[in-house]
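This report concerns only the one structure given below.
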Amino acid sequence: LLAYPAEDVEIIQNREYFPRVHQALKEAEESMRVIMFEACYYEEYPDSPSNILIRDLIEAHRRGVKVEVILELGIFEEVNRNNQEVGQLLSKEGIAVAFDSPSVTTHAKLITIDGDISILGSTNWKYYSLDKNNEVSVLIKSREVAGEIEEYFKRIWNTCRVK
Numbered sequence: 002l003l004a005y006p007a008e009d010v011e012i013i014q015n016r017e018y019f020p021r022v023h024q025a026l027k028e029a030e031e032s033m034r035v036i037m038f039e040a041c042y043y044e045e046y047p048d049s050p051s052n053i054l055i056r057d058l059i060e061a062h063r064r065g066v067k068v069e070v071i072l073e074l075g076i077f078e079e080v081n082r083n084n085q086e087v088g089q090l091l092s093k094e095g096i097a098v099a100f101d102s103p104s105v106t107t108h109a110k111l112i113t114i115d116g117d118i119s120i121l122g123s124t125n126w127k128y129y130s131l132d133k134n135n136e137v138s139v140l141i142k143s144r145e146v147a148g149e150i151e152e153y154f155k156r157i158w159n160t161c162r163v164k
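When the letters of the sequence shown are read in order and numbered with my numbering, they come out as residues 2 to 164.
Below is the structure:
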């Protein structure tokens, strides 16, 4: 059994996710790594929460934060379509985007920020997850936890097809 020290742990439920994650992304200074099973960008709803989170990644990149994103690409056509659109949007902005191997489903939803903050949970970046579903995540402020999550990210990144 492993136990990691943590400066702070927050449980983020349902509609708390968007404002808390939005704030954390806007405060990033050095690095941001994201794995998302499904992310959606809604052209017809420019101010939707998922669009704002995606724009937060772009804004972070523009202010010099190193942003890397892994998205699912596999057997789910709608997920593939949504993730490819988001991946293309981020790539056009110069953000490093990778798609997982089609032979494995990457169902993780996680973010690390500045090697210090980790956000893990059930929330996809899409309308129902952010506005309707019962979802729960945890924000952990711990260099040790973030380090472990970043190692996990790197292991998956090394198996991905980089866009």
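Just so it is clear, CB atoms sit at the ideal spot from N, CA and C, and this is done for glycine as well.
*Looking only at DSSP bridge pairs, what is I150 linked to?*
Working through the sequence shown from its first residue, we reach residue 150 at position 149. Answer by DSSP bridge pairing: none, since I150 is not bridged.
*Would you report the Cα separation of L74 and L3, rounded to the nearest angstrom?*
On the sequence shown, position 73 is the one that residue 74 refers to. On the sequence shown, position 2 is the one that residue 3 refers to. The straight-line gap from Cα to Cα measures roughly 32 Å.
*Please go through the same chain and pick out, in chain order, the residues whose beta-carbon is closer than 8 Å to the beta-carbon of I96, but skip the five residues on each side of it.*
By one-based count along the sequence shown, residue 96 stands at place 95. The answer, listed in chain order, is L58, I59, H62, V68, E69 and V70.
_beta strand (DSSP E) segment containing F38, residue limits_ = Taking the sequence shown and counting its residues from 1, one reaches residue 38 at position 37. Run containing F38: none; DSSP gives neither H nor E here.
*To the nearest angstrom, how far is it from the Cα of E86 to the Cα of R21?*
Here residue 86 is taken as the residue at index 85 of the sequence shown, counted from 1. Here residue 21 is taken as the residue at index 20 of the sequence shown, counted from 1. Distance between the alpha carbons of E86 and R21 is about 25 Å.
_Three or more C-beta pairs below 8 Å linking the region 107 to 125 and the region 32 to 40_ = By the Cβ test, the region 107 to 125 is in contact with the region 32 to 40, since at least three Cβ pairs between them sit closer than 8 Å.
_Three-way DSSP call (helix, strand, coil) for R82 in this model_ = For the purposes of this step, residue 82 is identified with residue 81 of the sequence shown, where counting begins at 1. It is helical.
*Exposed or buried, what is K127 when buried is set at 16 or more other beta-carbons lying within 10 Å of its beta-carbon?*
Translated into positions along the sequence shown, residue 127 becomes position 126. So K127 counts as buried.
_Opposing strand residues paired with I96 [DSSP bridges]_ = Within the sequence shown, numbered from 1, the residue matching residue 96 stands at position 95. The beta-bridge partner set that DSSP reports for I96 is empty.
*Taking contact to mean at least 3 C-beta pairs separated by less than 8 Å, is the region 139 to 156 in contact with the region 117 to 127?*
Cβ pair count under 8 Å is three or more, so yes.
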